[in-house]
Each structure stands twice: as structure tokens, then as C-alpha cells.
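A.B. asks:
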Amino acid sequence: MIIALLFTLTALASPPLWRSAPLTDVAGIKAISDSPSGQRATLAGGGIIRVHIADSVPAAEAAFAGERRTAATTWPHEPPAGLPGDQNAGDGEQMLLIRDRNAVIFVRDLGGDATAVTESIQRRLVD
Amino acid sequence: MQTTRTIPVLFLLACSPATSVDISTDDHDVADEVEPASIAIRDAAPAFDPVDGTTLPFTVETQPGYAIHVEVRRDGEYLASWDGESDTNGLFAATWDGRHSDGSAVGSGAFQIVAEVESPVGIIEATHDVYAVRAAFKTAWAEDDDGFSADRHEMYWGADGTLQDAGLDIAHIDAIELDGNPQDLPPVTDVLVRAPEVETEPVAYTWDSRPILTLELGTETVLGSTGLAEADVDLELDGWTVLSGNPLRDGVPVTMQADEALVEGPGIHTVDLSLRFTSTDTDGATWDVGDQILPMRFYMTMGPSGFTRELDKYRPWALVLDESLAAVDGAEPNDNAVLDALVEWIFNDLGLVYDSEAGASFYSDYAMWQWDRPHFFLGEFLLRQNGSVINCSDAANILSAYANMTGVALNQLVILDNFDLNQIKAIGGNQYSNCPFGPWGCGFSYHAVTSTDGGNTIWDATLALDGDQNPGQLPSSELMVQSISGQEYLSRLVKSGQAAYTNNAEGTLQ
Numbered sequence: 113m114i115i116a117l118l119f120t121l122t123a124l125a126s127p128p129l130w131r132s133a134p135l136t137d138v139a140g141i142k143a144i145s146d147s148p149s150g151q152r153a154t155l156a157g158g159g160i161i162r163v164h165i166a167d168s169v170p171a172a173e174a175a176f177a178g179e180r181r182t183a184a185t186t187w188p189h190e191p192p193a194g195l196p197g198d199q200n201a202g203d204g205e206q207m208l209l210i211r212d213r214n215a216v217i218f219v220r221d222l223g224g225d226a227t228a229v230t231e232s233i234q235r236r237l238v239d
Numbered sequence: 029m030q031t032t033r034t035i036p037v038l039f040l041l042a043c044s045p046a047t048s049v050d051i052s053t054d055d056h057d058v059a060d061e062v063e064p065a066s067i068a069i070r071d072a073a074p075a076f077d078p079v080d081g082t083t084l085p086f087t088v089e090t091q092p093g094y095a096i097h098v099e100v101r102r103d104g105e106y107l108a109s110w111d112g113e114s115d116t117n118g119l120f121a122a123t124w125d126g127r128h129s130d131g132s133a134v135g136s137g138a139f140q141i142v143a144e145v146e147s148p149v150g151i152i153e154a155t156h157d158v159y160a161v162r163a164a165f166k167t168a169w170a171e172d173d174d175g176f177s178a179d180r181h182e183m184y185w186g187a188d189g190t191l192q193d194a195g196l197d198i199a200h201i202d203a204i205e206l207d208g209n210p211q212d213l214p215p216v217t218d219v220l221v222r223a224p225e226v227e228t229e230p231v232a233y234t235w236d237s238r239p240i241l242t243l244e245l246g247t248e249t250v251l252g253s254t255g256l257a258e259a260d261v262d263l264e265l266d267g268w269t270v271l272s273g274n275p276l277r278d279g280v281p282v283t284m285q286a287d288e289a290l291v292e293g294p295g296i297h298t299v300d301l302s303l304r305f306t307s308t309d310t311d312g313a314t315w316d317v318g319d320q321i322l323p324m325r326f327y328m329t330m331g332p333s334g335f336t337r338e339l340d341k342y343r344p345w346a347l348v349l350d351e352s353l354a355a356v357d358g359a360e361p362n363d364n365a366v367l368d369a370l371v372e373w374i375f376n377d378l379g380l381v382y383d384s385e386a387g388a389s390f391y392s393d394y395a396m397w398q399w400d401r402p403h404f405f406l407g408e409f410l411l412r413q414n415g416s417v418i419n420c421s422d423a424a425n426i427l428s429a430y431a432n433m434t435g436v437a438l439n440q441l442v443i444l445d446n447f448d449l450n451q452i453k454a455i456g457g458n459q460y461s462n463c464p465f466g467p468w469g470c471g472f473s474y475h476a477v478t479s480t481d482g483g484n485t486i487w488d489a490t491l492a493l494d495g496d497q498n499p500g501q502l503p504s505s506e507l508m509v510q511s512i513s514g515q516e517y518l519s520r521l522v523k524s525g526q527a528a529y530t531n532n533a534e535g536t537l538q
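Here the protein sequences come in this chain order: E and S.
For what it's worth, the working numbering labels the leading residue of the first sequence as 113, then goes sequentially.
For what it's worth, the working numbering labels the leading residue of the second sequence as 29, then goes sequentially.
Below, the structure written as C-alpha cells:
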């Protein structure tokens, strides 16, 4: 009884998982398509976006690590402070990879505004 | 009393056959006393196509200064006529355009040219049988013989997501005439992302194939019937042999094959095939009846797609072949030469630039982040949807996809991981550096390349190596990564750190 109660309280305390990321509502994004790893889209000003909604936070952590490993051939050693997300990598300008709960967002923005693009996607996440 | 008889007549000149000569005289004794008269119709074809612009010129040959009357008849019915006088050489030339004297068309079928002269010994006559026909094709198919002498490869239309069907025609016209004028078969489409509705489809064959084409005659003509049931008209095409279907008959397809390979190696062979319709007279002379153009574009590959996957999208995309075969045109027909040419083309001519900020991929993924699952967004790349900036995964995917579709099997490898670089020149760049990402970016966390043999031989369109004795120091000597041993490649690329070829994989497409 106590264990069940604790489990319920823990669940209630955890933020809900994201269910989708409707990129169609994000300004400056075009050509949205599915990929083997989630969704992808083109930044109208030049760049690429990849979004993956995992089934769980641990799965999203694995996806973040996978994206960190395969999306680019070089990364800053330490991301600057203040970048969004529960985890992040990149310089926040040209490139940003974040994990937000169970969502993983990668933005490569040739216009140098990767953080703003990432945050606009974050705001559209649906739980 | 007037009598008519046929007598032998002396023909002085070699000519196409005059079929008969009649002399009418008032008195056969007179005929025996005067100079013999002669008449013949010469230089006249046995068949012609009045719709295709061909006419029937002919010459009546007799003695000089004779009054001549010529008629065209069908089943005894008068259709057209000419009157004149033979010249000083005894010749009278005329041309029938296949029409009544009033200009109206007479249709197809058998006709008789009848020439008469009034000679001192009476009226003499020669005749010539001729067929007016309408010969033109309305449908064409491209075929093969399972690779024995021709190996056709169905191409993929990227925007449609459909595959060519070798059982369907590649060219078609609804009618062989338009507003009464003869029609060639349609031009070859330049829109290579979807199956054309009207224009002719390009076709792909292995480069040393002798393509086979089958053609179907149009049977509804402005002349009525084609006239080909009675007249013997053949198809001729320089450099091609008609395997079956000559002489042309309604409803009987004509199959022809190139006498030899159209090219000496992989490339694009664009040609307007000039289909000639001919007839042969009784002396064996061949006469042009008409012609028709069949525009063709042959994509001559190294072989079938190198991809082993069965889905249609792993067959050669028409637009990819159009680009890749133009790039390798002139290369020796061997795998290494073709890959070398593709590397050169991608590195130098496509306008692609390395992502010197991040080395990020714009047209590639590793499916679910697995190194052995490289995935290429080919449709996006063909449109340059994400611009011209790329990284090594993109370059490896581009090279691999174009090579496989050109008929050279080429896999991808990933070099892992985290190593520092010697001097390199990245695609789109103009100088060597060992720090392509700036002073604090002097290495790769990974690098993607391609190989035909699991890493023994490397092709890489991402960068050029420093080919001199000291690849870590400037100045550098450009060494394109074409057929380079895997060992040499790593020794020239890697300054320090772990670097090994891993995850030999074919890749997937979208």
C-alpha cells in the first residue's frame, strides 16, 4: 500500500513526457519529413533540424548520445552556459543539440541562431 | 482499218523497268518501214508516301520531239495527268504528288502511271505500277535479351516513387499525323523526376549492350489505310539490323537491334534515330519512301544497380544517371576509373562546400544513430533542399549512391574515432589546413569514406589529401582520394589518435 502510494506520488511529481513536436507550427521551417530517426526539416534561412521523441527519458538520453556521436564531426568541448534543455551540446549559435525530457532536438543553423530556433521548437512540444 | 499490236521495242538505256509498250498503227507495213519508236518510264520508285512529303518523280523516255500524255490511274479510273513534249534527249519529266489533278488526296493503294506518245508509227504506251503508302510508327519499346547482348535497367522516378516498366512503351504518339502532317515520335523528356506523360522516356542499358527496340506501326492515316498490305516497304536504320517485321505489315511489330555497342564506355548517348522507310524495285534498287525520327537518350551504365536491396528506390534514379553518366563520360569502363571520375566530379564540379563550422550532415543520418545504417536523403539532395553545405557522411552517401546507381557497388565505412588531422583540403575550399574548423578544431570525431573492398581501397569526395612526403606540413601537394589504399589513406589523413575503418555498410535511401 505504501509502496503503491510512493510510486503514484513519484509519477505525479515527474513532468509528463512529450508526445509530439508539430514542426508545422514553427516559423522559418520548411520541407518537414519523416526519417528513420524521427522528423527532419529544413531551415528556410539555411540549415537542418532533426527532432526525435523517445518513449522514455532514458531512451531520449541514448538518442542524445547517438545524435551527439553522429550528427557532426566536431563539437565544442564545453557548451556555453545558459543553453536550454536537460542536456545540451554545441555552441548555441551554429549548432545546438538538446534533450528536453524525452525529446531530442538538433539544430544546425547556418544563420547562427541555433538557440532561438531550438527554443521555438521547444515551445511547440506537446505533452 | 485501224489495228493495234504489240511489238518488240529497243531500249537503249538502262532504266527502271517499263512494264509494257504498245504501238498502235494504221498499217503494220508502215511500221516495218519507219524508225522504231520506244517509250519507257524510268527513275520511278515502286512506292512513296505522299503524306511524308515524298513525291513520285518519274521520267518518260522516248524519241525527241514527241507529244507525250501521262495519266495516273487506279483500277482504270483517271486521277491526274500531264501533257508535254519530249526534249532533245527524248526525255519528259514529271512528278506526282499523290493527289488528283484538283489537289485532293487520292489515298493509299496501287496506282498505274500510263505514258503515251504519238509516234510516226502510232501511239505507243508504257506503264509503271506504284503504291502510295503511309508508313510511320506510333509506339516504341526498349527491350533486352536478359543480358545476352542487351541488358536494360529500369529507372526510378524519384518524385513519383515509381519504376519504369520495361513492358510498357517508352514513346508513343496518339496519331501518326497532326493536322495532316506527319509526326515524329516525341522528344526525350528533360524532366527526370517523374514519368513523362507525352515525351519519350530515356532508357538505361549496360554500356556494352546492343539495345533492342520494337516499334508498332500506326494504322489510322489520312490516306485511309496504310497501303502496306499490298506494298513491300522495309524499315532501315543505319547501324541497326531489323530482326523481324520487314516488310512492314499492319499489326506486325518491327524489332531491331544495334549492330554494335553505342558507346565505348559508360556515358550518355543521345541520338535522333532516323527511321527510313524504303522500297525495292525489280532491279534491286532501293528507293526512299519516307522517314520518321525517334529521339532517344541511352544512359549507358556499368551494369545494374550496385545496391543489393530490392526496393524500387534502389534502382537507378533517372536524374542521378543523367548527372553521374555525364560526369564519367570518357572514363574507361572499369569500376576504379568510374569511381575516380565521380570523386573528381563531386569534389570539383558540384559546388558543394564542407561545413567548416561544425562538420554537420545536411543530407544524411545514421538510422537510430547506428554507424552501420547510413541513410541518405537523396530526394532532398537532388533538389539541394538544404543548400550546398555538406559533411563527410553526405559526401560518402552522395558518392555511394551515385556509384551504385551507375552500376559500381560501393559501400561506406566509418573511421573511428577522435583523431587529429594532417593537412587536408576540404571540398569547396581552396587551401590546405589541418584545422578545418579553426584553431580549436583540428580533428574529426569520425570520418566517413567509401570502399569497394571493405577498406583496402578508398574513395573520398570530402577532402583532398596532402600527397607529398610530409602530409602534416605545408606546403601540400593535392592528392585526390581516388583508388588509394586504405593504409595510405589513413597514414596521410591522421596525424595522431585512434583511427580505424569500421561499419562497412551499403546504406539506405529516401
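Backbone N, C-alpha and C fix where the C-beta goes; we use that ideal spot for every residue, glycine too.
Rounded to whole angstroms, what is the Cα-Cα separation between W468 (chain S) and L191 (chain S)?
C.D. replies: In a straight line, the C-alpha of W468 (chain S) is about 48 Å away from that of L191 (chain S).
A.B. asks: Could you list which residues in chain S have their beta carbon closer than 9 Å to that of E179 (chain E), in chain order?
C.D. replies: W397, listed in chain order.
A.B. asks: Using Cβ-Cβ distances below 7 Å, what residues of the stretch 163-187 of chain S are close to chain E?
C.D. replies: Correct list: empty, as no residue qualifies.
A.B. asks: Pairing CB atoms from the stretch 135-144 of chain S with CB atoms from the stretch 228-239 of chain S, are three or more of them under 8 Å?
C.D. replies: Too few Cβ pairs lie closer than 8 Å, so no.
A.B. asks: What do you get for L222 (chain E), buried or exposed, if any count of 16 or more other CB atoms within 10 angstroms of its CB means buried?
C.D. replies: With 16 or more Cβ atoms within 10 Å of its Cβ, L222 (chain E) is classed as buried.
A.B. asks: What does S232 (chain E) touch in chain S if you count any residue whose Cβ is under 9 Å from its own?
C.D. replies: The contacting residues do not exist; S232 (chain E) stays about 19 Å from chain S at best.
A.B. asks: Using a beta-carbon distance cut-off of less than 7 Å, what residues from the stretch 140-169 of chain E approach chain S?
C.D. replies: Of all residues in the stretch 140-169 of chain E, A143, S147, P148, S149, T154, G158, I160 have a Cβ within less than 7 Å of some Cβ in chain S.
A.B. asks: Less than 6 Å between C-beta atoms, sequence neighbours within five positions excluded: which residues of the same chain meet that for A183 (chain E)?
C.D. replies: If we look at A183 (chain E) and ignore the five residues flanking it on each side, its Cβ neighbours are F218.
A.B. asks: Compute the beta-carbon to beta-carbon distance between I198 (chain S) and P214 (chain S), rounded to the nearest angstrom, for a pair I have assumed lies under 8 Å.
C.D. replies: That pair is no contact at about 10 Å.
A.B. asks: Under DSSP, the alpha helix (DSSP H) around T182 (chain E) begins and ends at which residues?
C.D. replies: Note, T182 (chain E): alpha helix (DSSP H), 169-182.
A.B. asks: Under a three-way DSSP split, which group does E89 (chain S) fall into?
C.D. replies: In the structure shown, E89 (chain S) sits in a strand (DSSP, three-state: E or B).
A.B. asks: Using three-state DSSP, classify Y184 (chain S) as helix, strand or coil.
C.D. replies: Strand, per DSSP.
A.B. asks: For Y394 (chain S), list the residues DSSP reports as bridge partners.
C.D. replies: For Y394 (chain S), which the question treats as bridged, DSSP gives the partners S:P402.
A.B. asks: At which residues does the beta strand (DSSP E) containing D111 (chain S) begin and terminate?
C.D. replies: Looking at the DSSP string, the run of the beta strand (DSSP E) that includes D111 (chain S) is 105-113.
A.B. asks: So the candidates are S:V509, S:D383, S:L220, S:N458; which of them puts its Cα closest to the Cα of L427 (chain S)?
C.D. replies: Selected option, being the one with the closest Cα: S:V509.
A.B. asks: By Cβ distance, which residues of its chain are closer than 6 Å to F176 (chain E), with the 5 residues on each side in sequence left out?
C.D. replies: Taken in chain order, the residues that qualify are Q199, R211, V216.
A.B. asks: Which residues, in chain order, does the stretch 415-435 of chain S contribute to contact with chain A at a C-beta distance below 8 Å?
C.D. replies: Here the protein chains are E and S, and chain A is not one of them.
A.B. asks: Would you call L367 (chain S) buried or exposed, if buried means 16 or more other Cβ atoms sit within 10 Å of its Cβ?
C.D. replies: Flag for L367 (chain S) reads buried.
A.B. asks: Could you check what DSSP says for Q556 (chain S) in three-state terms: helix, strand or coil?
C.D. replies: Nothing can be reported for residue 556 (chain S): it is not among the residues displayed for chain S, which extend from 29 to 538.
A.B. asks: So L243 (chain S) packs on V282 (chain S), CB below 8 Å; how close in whole Å?
C.D. replies: Indeed they touch by this definition, with Cβ atoms about 5 Å apart.
A.B. asks: Which same chain residues end up closer than 7 Å to Y106 (chain S) when comparing Cβ atoms and leaving out the 5 residues on each side of it in sequence?
C.D. replies: The residues are E99.
A.B. asks: Listed from N- to C-terminal order along the chain, which residues in the stretch 207-231 of chain E have their beta-carbon within a distance smaller than 8 Å of any beta-carbon of chain S?
C.D. replies: Flagged, chain order: M207, R220, L222.
A.B. asks: Whose C-beta lies closer than 7 Å to the C-beta of G224 (chain E) among residues of the same chain, with five residues either side of it excluded?
C.D. replies: These residues qualify, in order along the chain: E205, Q206.
A.B. asks: Per DSSP, T485 (chain S) forms a beta bridge with which residues?
C.D. replies: DSSP lists S:S513 as partners of T485 (chain S).
A.B. asks: For the putative contact between Y382 (chain S) and N425 (chain S), defined by C-beta atoms under 8 Å, what is the C-beta separation to the nearest angstrom?
C.D. replies: So it is not a contact: roughly 15 Å between Cβ atoms.
A.B. asks: Comparing alpha-carbon positions, which option in S:L271, S:A365, S:N414 lies nearest G295 (chain S)?
C.D. replies: Among S:L271, S:A365, S:N414, the Cα nearest to that of G295 (chain S) is on S:A365.
A.B. asks: Check the Cβ-Cβ distances between A386 (chain S) and every residue of chain E, and say whether any is below 8 Å.
C.D. replies: Answer yes: the Cβ-Cβ gap between A386 (chain S) and chain E drops below 8 Å somewhere.
A.B. asks: For P192 (chain E), I'd like the list of residues in its chain whose CB is within less than 6 Å of its CB, leaving aside the five on either flank, ordered along the chain.
C.D. replies: Once the five neighbours on either side are set aside, the close Cβ partners of P192 (chain E) are G204.
A.B. asks: When you compare the CB of A175 (chain E) with every CB in chain S, is at least one pair closer than 8 Å?
C.D. replies: Chain S, which has a Cβ nearer than 8 Å to the Cβ of A175 (chain E), makes this yes.
A.B. asks: Compare the Cα-Cα distances from T336 (chain S) to each of S:A355, S:M324, S:R412, S:N432 and report the closest residue.
C.D. replies: T336 (chain S) has its Cα closest to that of S:N432, out of S:A355, S:M324, S:R412, S:N432.
A.B. asks: Counting pairs of Cβ atoms below 8 Å between the stretch 177-185 of chain S and the stretch 220-231 of chain S, do you hit three or more?
C.D. replies: Touching, per the Cβ criterion.
A.B. asks: Kindly indicate which three-state DSSP category A346 (chain S) falls into: helix, strand or coil?
C.D. replies: Here A346 (chain S) sits in helix by DSSP.
A.B. asks: If you draw a straight line from the alpha carbon of R162 (chain E) to that of G150 (chain E), how long is it in whole angstroms?
C.D. replies: Taking the straight line joining both Cα atoms gives about 7 Å.
A.B. asks: Express the C-alpha separation of D172 (chain S) and S384 (chain S) in angstroms, rounding to a whole number.
C.D. replies: Looking at the two C-alpha atoms, the distance is approximately 48 Å.
A.B. asks: State the DSSP-derived secondary structure class of W169 (chain S), mapped to helix, strand or coil.
C.D. replies: If DSSP states are grouped into helix, strand and coil, W169 (chain S) belongs with the strands.
A.B. asks: Grab the span of the beta strand (DSSP E) containing I374 (chain S) for me, first residue to last.
C.D. replies: Looking at the DSSP string, I374 (chain S) is not in any beta strand (DSSP E); the run it does join, the alpha helix (DSSP H), is 363-377.
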